[in-house]
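Engineer:
In this note's numbering, the protein residues as written are 274 to 627.
1. Let's see if you can read the secondary structure: which residues bound the beta strand (DSSP E) around residue 321?
2. Should residue 490 be labelled buried (16 or more other beta-carbon atoms within 10 Å of its own) or exposed?
3. Any chance the segment 460–470 sits against the segment 486–501, with 3 or more Cβ pairs inside 8 Å?
4. Just verifying my parser: in three-state terms, what is the DSSP assignment at residue 494?
5. Taking C-beta to C-beta, are residue 455 and residue 474 nearer than 8 Å?
6. Which whole runs of the alpha helix (DSSP H) in the segment 477–554 are 4 residues long or more, in chain order?
7. Please report the straight-line C-alpha distance between residue 299 and residue 293, rounded to a whole angstrom.
8. State whether the segment 525–537 contacts the segment 299–313, with contact taken as three or more CB pairs (one from each stretch) at a distance under 8 Å.
9. Would you tell me roughly how many angstroms separate the C-alpha atoms of residue 400 and residue 385, rounded to the nearest one?
10. Quick check on the burial criterion: 16 or more other C-beta atoms within 10 angstroms. Buried or exposed for residue 519?
11. Kindly list the residues whose CB is nearer than 7 Å to the CB of residue 602, restricted to its own chain and excluding five residues on each side of it in sequence; keep chain order.
12. Residue 505 to residue 421, Cα distance in whole Å?
13. Determine the direct distance from the alpha carbon of residue 305 to that of residue 544, and round the result to whole angstroms.
14. With DSSP run on the structure shown, which of helix, strand or coil describes residue 382?
15. According to DSSP, simplified to helix, strand and coil, what is residue 621?
16. By the 10 Å Cβ neighbour count, where 16 or more other Cβ atoms means buried, how is residue 465 classified, buried or exposed?
17. Please work out which residues of its chain come closer than 6 Å, Cβ to Cβ, to residue 361, disregarding the five sequence neighbours upstream and downstream, and give them in chain order.
18. Is the Cβ-Cβ distance between residue 445 and residue 482 less than 8 Å?
19. Anyone know if the C-beta pair for residue 609 and residue 556 falls short of 8 Å?
20. Using a Cβ-Cβ cut-off of 8 Å (strictly less than) and excluding sequence neighbours within five positions of residue 320, which residues of its own chain qualify?
21. Tell me whether the beta-carbon of residue 498 lies closer than 8 Å to the beta-carbon of residue 355.
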């Protein structure tokens with residue numbers, strides 16, 4: 274008998290990661306260019322000595338430490354193998370029938386339609402507004418009796434826009450209580466606008482809200498895959514039931530614990546990035562590029578039909594950016610020297626195009 278593999282898998286897009294090209298500057302994956310602090314590297318090395326042992330399946334020490342840091346009960350926190358896998362697991366606990374729907378903005382994080390389709394649910398993408406922001410009124414209107422979950426990415430990847438407090442609270446109040454809202458705050462540490470709320474402050478009285486965070490960006494641990502979700506105990510308990518066993522490895526747990534000892538140092542780097550973010554955006558605007566407002570560690574150039582041409586030009590200049598064909602280009606804000614290399618490539622593109 275021939276194997277019968279799910280036919281719908283052929284229609285699920287593969288996740289497209291930012292490319293690494295030897296000899297070129299990679300500004301395609303929103304990574305911090307610095308390595309983890311030395312003490313974090315030492316903790317990773319120490320944990321490697323016990324690599325013959327299974328990791329703590331419940332991630333209990335890290336969960337307790339996060340609970341202490343945020344002043345939230347440990348039963349409200351689930352640690353997973355990056356926030357991407359947590360998004361998939363949240364979809365799995367909410368969606369069980371093929372007709373179940375998941376609403377999200379588009380363009381937004383590329384993983385959303387993938388994890389929805391993997392969970393055999395129906396994707397309901399809602400276009401961003403003209404300023405590349407979540408159109409929350411349209412998203413609310415897209416909710417039907419079949420809607421099980423809504424993804425909100427703030428700041429939004431790849432456009433950088435963040436959702437302000439009043440509009441977010443109004444949206445959350447409008448969502449039916451049987452619909453889970455997942456507020457994806459992977460770039461929270463780069464937010465400087467005081468009108469953009471910390472999602473953790475909105476959880477009280479909202480049992481259908483879950484906030485996800487990651488150690489990949491500000492904490493410089495993208496390669497080790499650690500994320501966490503915070504929500505109501507029943508949601509978190511269900512989330513833990515669909516954990517892949519031992520999915521957060523021992524090195525990742527040790528690294529995240531050690532990184533929490535160096536929060537001031539890590540956040541200082543984030544502050545430097547946000548200062549560079551302003552400079553990079555201002556210079557691009559001065560060159561004549563349209564650049565979205567951003568609260569993340571990247572800028573978004575809505576280049577439309579010029580997207581592929583711009584990305585190919587940058588690659589010839591030894592800079593790898595992240596193109597989204599037909600829409601625009603996302604460029605990581607890195608160190609001042611690295612940003613200068615990109616800005617030089619952007620100036621050359623404009624001069625060649627004029």
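The C-beta atom is built at its ideal place from N, Cα and C for all residues, glycine as well.
Structural biologist: A quick look at the data gives this:
1. Indexing the chain shown from 1 puts residue 321 at position 48. For residue 321, there is no enclosing beta strand (DSSP E); the residue is part of the alpha helix (DSSP H) that begins and ends at 311–321.
2. Looking up residue 490 in the chain shown gives position 217. Label assigned to residue 490: buried.
3. yes
4. Counted from its first residue, the chain shown places residue 494 at position 221. Residue state, collapsed to three classes: coil.
5. Within the chain shown, numbered from 1, the residue matching residue 455 stands at position 182. Within the chain shown, numbered from 1, the residue matching residue 474 stands at position 201. Judged by their CB atoms, residue 455 and residue 474 are not nearer to each other than the 8 Å cut-off.
6. 506–514 and 523–532
7. Taking the first residue of the chain shown as position 1, residue 299 is located at position 26. Taking the first residue of the chain shown as position 1, residue 293 is located at position 20. Cα to Cα, the separation comes out at about 6 Å.
8. yes
9. Walking along the chain shown from the start, residue 400 turns up at place 127. Walking along the chain shown from the start, residue 385 turns up at place 112. Computed Cα separation, rounded: 14 Å.
10. Looking up residue 519 in the chain shown gives position 246. Flag for residue 519 reads exposed.
11. Along the chain shown, one-based indexing puts residue 602 at 329. Only 574, 576, 580, 583, 584, 594, 595 and 596 meet the Cβ criterion.
12. Your numbering for residue 505 matches position 232 in the chain shown. Your numbering for residue 421 matches position 148 in the chain shown. Distance between the alpha carbons of residue 505 and residue 421: 16 Å.
13. Counting from 1 along the chain shown, the entry for residue 544 is found at position 271. Counting from 1 along the chain shown, the entry for residue 305 is found at position 32. Taking the straight line from one Cα to the other gives about 12 Å.
14. As a working note, residue 382 is residue 109 in the chain shown. It is coil, neither helix nor strand.
15. As a working mapping, residue 621 is identified with position 348 in the chain shown. Helix at residue 621.
16. To locate residue 465, count along the chain shown from 1; it is residue 192. Exposed, since its Cβ has fewer than 16 Cβ neighbours within 10 Å.
17. Here residue 361 is taken as the residue at index 88 of the chain shown, counted from 1. Excluding residues within five positions, the ones whose Cβ falls inside 6 Å are 388.
18. If you number the chain shown from 1, residue 445 lands on position 172. If you number the chain shown from 1, residue 482 lands on position 209. Cβ atoms of residue 445 and residue 482: closer than 8 Å.
19. Within the chain shown, residue 609 is the residue found at index 336, counting from 1. Within the chain shown, residue 556 is the residue found at index 283, counting from 1. It is not a contact, given that the beta carbons lie outside the stated cut-off.
20. Within the chain shown, residue 320 is the residue found at index 47, counting from 1. Same-chain partners within the cutoff: 523, 524, 526, 527 and 528.
21. Position 225 of the chain shown holds residue 498. Position 82 of the chain shown holds residue 355. Result yes, Cβ atoms of residue 498 and residue 355 sit closer than 8 Å.
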